[in-house]
Amino acid sequence: MFKAFLIKYAEIGVKGKNRYMFEDALVKQIRHTLKRCDGEYAVRKSDGRIYVDAVSDFDYDETVAALQKVFGIAGICPMVYVEDEGFEKLSERVVRYIDEVYPDKHKSFKVAARRARKNYPLNSMEINMELGGVILDAYPEMSVDVHKPDIMLHVEIRDKIYIYSEIIPGPGGMPVGTGGKAMLLLSGGIDSPVAGYMIAKRGVKIDAVYFHAPPYTSERAKQKVIDLAKKVAQYTGPIYLHIINFTDIQLYIYDKCPHDELTIIMRRYMMRIAEHIAKETECLGLITGESIGQVASQTMQSLMATNEVCTIPVYRPLIGFDKMEIVDISEKIDTYETSILPYEDCCTIFVAKHPVTKPNLKFIQKHEENLVEKIDELVKTALDTDEVVVVS
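Position 295, counted from 1, in the sequence shown is what this note's numbering calls 275; the numbers after and before it change by one each time, with no gaps.
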């Protein structure tokens, strides 16, 4: 019965004079997302409201699922339109709405009318009372509960009259693209896809870089990362995934540096390369999935050592999360099962038996001098052979 949706937003509503920019971005993102669905849709905004109308046959469940992946949407309200043909016609449509949507009438309800069009002959309180009486006359088994009703029936008097009673939760956040762009260091693990999702939820457009180490990491490991990027792209829109061949750099570090510092020095070069790509692609920061103390390379001392090579901000949205909290989000966004596939990434190939947990930055810098002969050339080669995959 539903062929239209009222889209509710939250934070956008407090943006003052810039609100229209965020509304326009949300409309654009909704249109882009609905292109994945069967059917045709008209998306419009009017009087602080955003509406999605199906203008052809469509799949209701598919449409709702797509809208639930659009950042900026706080609620999705399936609704019906009523032309303003008098209160009697409105009453008949409300009675039919209750009958169609709620087969079991043993429920409490409350009418919440909003009269945005002030020339309507009844005010909001009068509409509430009159429609409440009409519903009770039609369905005596129902009851009124103004505090905790089973059904909150919304009636909005605008250019047309809109009726809805269900608010399906959206993902919240801000429309993608309103917060700039950042570069995600995407591995095949659980954490980094979640980190990308969380930063994108704040309106940030995401690109990504993956460090590949053939033959030590397989093509299946590379495909796993592409598949993870596809999962994240359902929320963020298209992602430009930069695939960097890291093998020669990794082997050179392994040959020239203390093995207990291998992970830290390797991470420092990953950050350098990611920052170079980020600057070339006008990103405003890097994103990692690091959480304090989760592994040896994520102690406070280790994070300081990797941060030291960066000149742009490094965003770590998971920094205070424990593993189960991260897993919960990964299951929610459907990346968990892909992340646990047993294909190793380059971070797990050359791990020392006893990696340093409290690296001394002066020692790290001194040992990196061992790389001076070839490292710049190797980094340049890695950047020159950057493979870019557009993931959508």
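In this text, a Cβ means the ideal position worked out from N, Cα and C, and glycines have one as well.
- Pairing G153 with F51, the inter-Cα distance amounts to about 5 Å.
- Under the Cβ criterion (8 Å, minimum of three pairs), the stretch 220 to 235 counts as touching the stretch 182 to 191.
- The continuous beta strand (DSSP E) containing L164 extends over residues K161 to L165.
- Beta-bridge analysis with DSSP links K185 to K161.
- The alpha-carbon of I53 is positioned some 33 Å away from that of M251.
- In the three-state DSSP reduction, S26 falls in the strand class (E or B).
- In terms of Cβ geometry, K49 and P151 form a close pair [threshold 9 Å].
- Between the alpha carbons of M178 and T13 lies a distance of about 18 Å.
- In this chain, L133 is not harboured by any alpha helix (DSSP H); it is covered by the beta strand (DSSP E) spanning I131 to I137.
- Rounded to the nearest angstrom, the gap between the Cα atoms of P335 and P173 is 25 Å.
- Taking 9 Å as the cut-off, the beta carbon of I320 is found closer than this to the beta carbon of I170.
- One Cα belongs to G168, the other to H192, and the distance between them is close to 10 Å.
- When DSSP reads this structure, G55 sits in a beta bridge with K(-12) and P149.
- Annotation: S282 to R94 spans about 56 Å, alpha carbon to alpha carbon.
- Per DSSP, the continuous alpha helix (DSSP H) segment holding Y316 begins and ends at Y316 to S319.
- With at least 16 other beta carbons inside 10 angstroms of its own, Q230 counts as buried.
- Annotation for R(-1): I(-8) and G(-7) place their beta carbon closer than 8 Å to its own, counting only its chain and skipping 5 residues before and after.
- Ranking D207, E68, V32 and A362 by CA distance to the CA of P194 puts A362 first.
- Excluding the 5 residues flanking it on each side, N287 has same chain C-beta neighbours closer than 7 Å at V294, in chain order.
- In the structure shown, the three-state DSSP call for M105 is helix.
- Rounded to whole angstroms, the gap between the alpha carbons of D139 and N99 is 11 Å.
- With the rule of 3 Cβ pairs closer than 8 Å, the stretch 203 to 221 does not count as touching the stretch 336 to 349.
- Taking all protein chains in view, the Cβ of A22 is surrounded by fewer than 16 other Cβ atoms within 10 Å, so the residue is classified as exposed.
- Under the three-pair Cβ rule at 8 Å, the stretch 57 to 65 counts as touching the stretch 130 to 146.
- In the DSSP secondary-structure assignment, E353 is not bridged to any residue.
- When secondary structure is reduced to three states using DSSP, M154 falls in the strand class.
- For F89, the three-state secondary structure derived from DSSP is strand.
- Beta-bridge analysis with DSSP links N225 to H192.
- Contact annotation, R24 with L(-14): C-beta distance approximately 11 Å; criterion of less than 8 Å not satisfied.
- Taking the CA atoms as reference points, A5 sits about 30 Å from T318.
- Within the same chain, Cβ atoms closer than 7 Å to the Cβ of I299 are found at E270, S271 and I272, the five residues on either side in sequence being excluded.
- With contact defined as three or more Cβ pairs closer than 8 Å, the stretch 228 to 247 and the stretch 125 to 134 are not in contact.
- With respect to V371, K210 sits close: the two C-beta atoms are nearer than 9 Å.
- With contacts defined by Cβ atoms closer than 9 Å, D18 and D37 form a contacting pair.
- Just so you know, the alpha carbons of K128 and E260 end up roughly 55 Å apart.
- The beta carbon of A213 sits closer than 7 Å to those of I219, V371 and S372, all from its chain and outside the five residues before and after it, given in chain order.
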